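Just so you know, we're using this note's numbering here: the sequence shown kicks off at 1221 and counts up by one. A short worksheet on the structure shown next.
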Amino acid sequence: HLLQPDDITIGGIMNGIASVNNALLKPQLLSDLSINGFTFNGDSMGNASIVSEYESESKAVKVNIAFTKRNTKVISIIGQYYAAREKNNLDFDIQLRNIYLPPFEKYVNTVVSNMQGKISADLKLSGTLKKPVLDGTLDFSKSSCRVNYLNTTYSLNDRVIIGENYFELKNFVLTDLRGNKAYADGR
């Protein structure tokens, strides 16, 4: 596990509304929240907007979450959680745009260090809370890191395919500081 519940700290200033309509007949829960200066484990994530709605007929919680930095949307999470379903109750589209890599180093620093560059991703989250499934692509842009075991820095500007229980590389290019290239394929 990368994070345990005790390892997570969040911060920011929250403002917004939450309301319950038709509580006795067809309950509908609505929320529209904003968090200015949102931080996750001490790292600035920008400003967050969280809009959610519970629909009693479909027993689904619809969610639209956006993080913006300098007026640019960097994270978008849109979808539904179907509370009554036992299987496939997660249905979310996740987009990351130009997220800086250095804040992630603390989670992988036993393997890689000196992370630089940005990532973008288009992901689909499905499955259940107990067994989530993530599919999609992760793109590295002008990125580099040092592989600690080899004590070698590599640059990368390529795509990783993400599927249920795997990462796939297709002609993935790693370039060392001398310009030597290595190509990686596989899962």
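Built from N, CA and C at the ideal position, the CB exists for glycine as well. Please read these numbers as outputs of a predicted model, since none were measured by experiment.
- Asp1405 is the residue among Asp1405, Thr1372, Thr1373 whose C-alpha sits nearest the C-alpha of Arg1379.
- When secondary structure is reduced to three states using DSSP, Asp1378 falls in the coil class, being assigned neither helix nor strand.
- Between Leu1310 and Pro1352, the CB-CB gap stays under 8 Å.
- When only Cα atoms are considered, Asn1377 and Leu1249 end up about 43 Å apart.
- With contact defined as three or more Cβ pairs closer than 8 Å, the region 1287-1297 and the region 1322-1331 are not in contact.
- Ranked by Cα distance from Val1332, the first of Asn1242, Asn1284, Lys1289, Thr1373 is Thr1373.
- Three or more beta-carbon pairs separated by less than 8 Å are not found between the region 1363-1371 and the region 1380-1387, which leaves the two stretches without contact.
- Closest in alpha carbon position to Leu1354, among Lys1344, Leu1316, Glu1277, Ser1363, is Lys1344.
- The DSSP assignment places complete beta strand (DSSP E) segments of no fewer than 3 residues inside the region 1345-1378 at 1352-1367, 1372-1376, in order along the chain.
- Under the three-state reduction of DSSP output, Lys1326 falls in the helix class.
- Here the C-alpha atom of Leu1245 lies approximately 17 Å from the C-alpha atom of Val1281.
- Classified as exposed, Ser1276 has fewer than 16 neighbouring CB atoms from the shown chains inside 10 Å of its CB.
- Between Ile1237 and Ser1251, the C-beta spacing is below 8 Å.
- Straight-line spacing of the CA atoms in Gly1399 and Ser1364 works out to 13 Å.
- Taken atom to atom, the span from the alpha-carbon of Lys1279 to that of Asn1242 is near 15 Å.
- When DSSP reads this structure, Thr1288 sits in a beta bridge with Asn1267, Lys1293.
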